[in-house]
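At position 76 of the sequence shown the residue is numbered 76 (the numbering used here), and the sequence of numbers has no breaks. Quick reminder that beta carbons are idealized off the backbone N, C-alpha and C, glycines included. Take a look at the structure set out below.
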Amino acid sequence: MAKYLKLKMVSKGLNFLAKSMKCMPVLLLLQGFSLAAQQSGAKTISLFDEQTLKGWKFVTPDDKKLWSVVNGIIVCNNGGEYLKSNSFLHTENEYQDFEFRCLFRLSGDSGFINSGIQYRSKLTKGNVTGYQADIGNGYWGDLYDEHRRGTLLKGDTTILHHLLFEDNWNSYIIRVRDRHHELYINGIKTADYFEKDPSIPSKGFIALQIHSGGIAKVE
Numbered sequence: 001m002a003k004y005l006k007l008k009m010v011s012k013g014l015n016f017l018a019k020s021m022k023c024m025p026v027l028l029l030l031q032g033f034s035l036a037a038q039q040s041g042a043k044t045i046s047l048f049d050e051q052t053l054k055g056w057k058f059v060t061p062d063d064k065k066l067w068s069v070v071n072g073i074i075v076c077n078n079g080g081e082y083l084k085s086n087s088f089l090h091t092e093n094e095y096q097d098f099e100f101r102c103l104f105r106l107s108g109d110s111g112f113i114n115s116g117i118q119y120r121s122k123l124t125k126g127n128v129t130g131y132q133a134d135i136g137n138g139y140w141g142d143l144y145d146e147h148r149r150g151t152l153l154k155g156d157t158t159i160l161h162h163l164l165f166e167d168n169w170n171s172y173i174i175r176v177r178d179r180h181h182e183l184y185i186n187g188i189k190t191a192d193y194f195e196k197d198p199s200i201p202s203k204g205f206i207a208l209q210i211h212s213g214g215i216a217k218v219e
């Protein structure tokens, strides 16, 4: 079994998030981290150096014009124009069992405003295939299977909708070990899923996505 990893992406949006949440949700967020902190042999890896996209790859050459680093934050947008196809930025390395942490902000002017975080994913005939922790109105905290089976589990937003900052910074945790998948937004669990199909790959890259069909920006 691969060593359990804690993966994090650093962003200067952390201070903004802490101020916006007014302390209490931040405490909930830290409590959400406590389980992984107890994992024996866990190793923390930073996937983003806050200056470059070193360690990341574009799925297609056209993706390069969409993704950049601005003030220590990974940014993706299409310059105020509708995006014609999904765009992905994925890690060069593959990961199996881990807890992934990041801050994200999704905003947009019109059309379909949606994003997501791929994991245990592969490139299949030019398409990104794998699990996705969904982001966006109507899809918050969903577990989706990109280019394979579609929605696996709708996110439970019963509590989350009280603590969600649409168009502002929120946190995501993806915790996956063996076939057990857990998704958290702002420390609130939205999905708890056990994979029953042993043929589904248990290792793959992590990718950031912006969905087609809208004038959107993800950070």
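Worksheet item: Hey, which unbroken runs of the beta strand (DSSP E) at 3 residues or more fall wholly within the segment 51-81?
Response: 56-58, 67-70 and 73-77
Item to complete: Spell out the partners DSSP gives Tyr139 in its beta bridges.
Response: None, per the DSSP bridge assignment.
Item to complete: Quick one: using the 10 Å Cβ neighbour count with 16 as the cut-off for buried, is Gly55 buried or exposed?
Response: exposed
Worksheet entry | Member of Lys154, Tyr95 and Ala42 whose CA lies at the smallest distance from the CA of Lys203 | Tyr95
Discussion item. I'd like to know if the segment 155-167 and the segment 72-82 are in contact, where contact means that at least 3 CB-CB pairs between them fall below 8 Å.
Written reply: no
Worksheet item: What does a CB cutoff of less than 7 Å around Asn127 pick up in its chain, not counting 5 residues either side in sequence?
Response: His147
Discussion item. Quick check on this structure: which residue in Ser199, Arg179 and Arg175 has the alpha carbon closest to the alpha carbon of Lys189?
Written reply: Arg175
Fill in: Spatially closest choice to Tyr131 from Glu182, Ser85 and Lys65, by CA coordinates
Glu182
Worksheet item: Lys217: buried (16+ other C-beta within 10 angstroms of its C-beta) or exposed?
Response: buried
Fill in: Start-to-end residues for the beta strand (DSSP E) that takes in Lys189
Ile188 to Phe194
Discussion item. The beta strand (DSSP E) that contains Asn170, what's its start and end?
Written reply: Per DSSP, Asn170 belongs to the beta strand (DSSP E) from Asn170 to Arg177.
Fill in: Cα-Cα separation, Asn71 to Leu143
Those two C-alpha atoms are separated by around 30 Å.
Practice prompt. Give me the Cβ distance between Gln118 and His90, rounded to the nearest whole Å; I'm assuming they're in contact under 8 Å.
Written response: Your pair Gln118 and His90 checks out as a contact, with CB atoms roughly 7 Å apart and the cut at 8 Å.
Fill in: For Leu153, the three-state DSSP class (helix, strand or coil)
strand
Worksheet entry | Nearest candidate by alpha-carbon position, reference Arg179, set Gly187, Phe194 and Phe165 | Phe194
Practice prompt. Confirm, please, whether the CB-CB distance from His211 to Asn86 is below 8 Å.
Written response: Cβ atoms of Asn86 and His211: closer than 8 Å.
Worksheet item: With distances taken from CA atoms, which of Asp197, Tyr184, Phe98 and Tyr139 is nearest Arg149?
Response: Asp197
Discussion item. In whole angstroms, give me the CA-to-CA distance for Phe48 and Asn93.
Written reply: 13 Å
Item to complete: May I ask you to list the residues that DSSP assigns as paired with Ser107?
Response: Lys217
Worksheet item: Would DSSP call His161 helix, strand or coil?
Response: helix
Worksheet item: Looking at the structure shown, is Asp97 part of a helix, part of a strand, or coil, going by DSSP?
Response: coil
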